[in-house]
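A short worksheet on the structure shown next.
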Amino acid sequence: MGELDLQTFRLVAAVAETGSVTAAAERAGVTQSAVSQALRRAEALIGAPLFDRSRRPLTPTHVGRMVASRADELARAAERLLADARAAAERPGRIDLRIGLVDSLAGTIGARIVRELADGALALTVTAWSGLAFSHTRALMRHDIDAALTCDPMEGLGSVERIVIFREPYVLIIPRTEIDAVRGNDLQAVLERYRLVRHSARSYAGQHIERHLGRMGLRPPRAFEFDTSDALVAMVATGMGVAITTPLCILQGAAHAAGVAALPLPGTAFSRELLLTTRRGDFDDLAPRIAEVARSMALLHALPPMLAIAPWLTPEALALG
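Written out as structure tokens, the structure is:
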């Protein structure tokens, strides 16, 4: 799979602002061909059109608006990167960071985050662990780790600092062959017809989903539970049931994603946040920079494939912190 670079984001934003490939090319100081190629490359990677080409001036789709709106964020991140690089050059030694990564993050963009923390401007000496979110909560409190990229907000722990990385909605995934049978049904009807493949009750996502179902008065029988998202997606892809999960979790199960379809969750929507958590007083200066690295990696390497999985997602539903 290709990647979206900063210049591609800038060109998409220029077309969105000017409504014209020609005007965008003039503003950016490149050829019209370069702008057109950038648009095609971005649309091929995301798997959805960024502009309505039947209208003049060119009008961005909701996906196009989301991509264009991130261009300024990336430009600011690049400026911070330069400042961090200069600061790192002035530091005599490297800082050690022990960080926990929730499985869905570790299995998708975790390696990119760790590499950027270690080899990028911050130049940290990184030790990373993956696992369920609750295990990182305990590890942080025991001082076994310094920080966690987690979906557990660690509510009730006043000694914890939290920075939101991004928010993603829970969605319904079904076997791709069942789209016509499921579309338009409420959640109760879906769960009466299909078994629910669950995230483990030991996981934050599993408990979060069970609370949501309880609020809706739904108590589907227990059948299958999994700690890892790739196993959950595989079960749905092979027709063993349906699941409530998130776009990032589907991305973790990318090997099986072609066999599933992601639909908006019927009924009341709910979402989870991915956060950076640290102990208050520890890493106070570095935590915002670590969060920015994670946010940038999500923007560049998670958002495009997540939109390809669920192109109906809106900027409001899938938002960076």
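Residue numbering for the sequence shown is 1 to 321, as defined by the UniProt record's numbering. Beta carbons: idealized from backbone N, C-alpha and C, even for Gly.
By the beta-carbon neighbour count (other beta carbons within 10 angstroms, threshold 16), Leu263 is buried. Ile145 carries a coil assignment under DSSP once its states are collapsed to helix, strand and coil. Its Cα nearest to that of Ser159, the residue Ala147 stands out among Ala147, Cys151 and Arg167. Each of Ala71, Ser296 and Arg162 was checked against the Cα of Ala287, and the nearest Cα belongs to Arg162. Between Leu276 and Ile290, the C-beta spacing is below 8 Å. The criterion of a C-beta distance shorter than 8 Å is not satisfied by Arg202 and Glu273. Linking Ser271 to Arg295 through their CA atoms gives a straight-line distance of about 17 Å. For Thr18, the enclosing alpha helix (DSSP H) begins and ends at Leu6 to Thr18. When DSSP reads this structure, Val164 sits in a beta bridge with Leu275. By the CB criterion at 8 Å, Leu132 and Asp96 fall outside the cutoff. Taking the C-beta atoms as reference points, Val12 is found nearer than 8 Å to Ala38.
Collapsing the DSSP output to three states places Phe51 in a strand. The C-alpha of Ala298 lies about 17 Å from the C-alpha of Ser130. Apart from sequence neighbours up to five positions away, the residues of its chain that approach Ala118 with a beta-carbon distance below 8 Å are Leu124, Thr125 and Val126, ordered along the chain. Counting every other CB atom within 10 Å of its CB across the protein chains shown gives Ile179 a total below 16, marking it as exposed.
C-alpha of His62 to C-alpha of Leu318: approximately 12 Å in a straight line.
By the CB criterion at 8 Å, Thr22 and Gln32 fall inside the cutoff. Collapsing the DSSP output to three states places Thr245 in a strand. Rounded to whole angstroms, Glu43 and Met141 show a C-alpha spacing of 44 Å. In its chain, beyond the 5 residues on either side, Gln252 have a beta carbon closer than 6 Å to the beta carbon of Gly107.
Ala257 sits buried, since 16 or more C-beta atoms from the chains shown fall within 10 Å of its C-beta.
By the C-beta density criterion, Asp186 is exposed, having fewer than 16 other C-beta atoms within 10 angstroms.
Residue state for Thr177 is assigned as helix, using DSSP reduced to three classes.
Secondary structure of Ala269 (DSSP, three-state): coil. Two segments are said to touch when three or more pairs of C-beta atoms, one from each, lie closer than 8 Å; by this definition the region 234-246 touches the region 190-197. Following the DSSP letters along the chain, one finds Arg193 inside the alpha helix (DSSP H) bounded by residues Leu187 to Arg193. For Ala121, the three-state secondary structure derived from DSSP is coil.
The C-beta distance from His301 to Arg112 rounds to 6 Å, short enough to fall under 8 Å. Per DSSP, Gly206 is one residue of the alpha helix (DSSP H) stretching across Tyr204 to Arg215.
Inter-residue distance for Ala308 and Leu218 is about 30 Å (C-alpha atoms, whole angstroms). DSSP places Asp103 within a helical segment (H, G or I) once states are collapsed to three. Contact between Val233 and Ile174 fails: their C-beta atoms lie close to 11 Å from each other, not under 8 Å.
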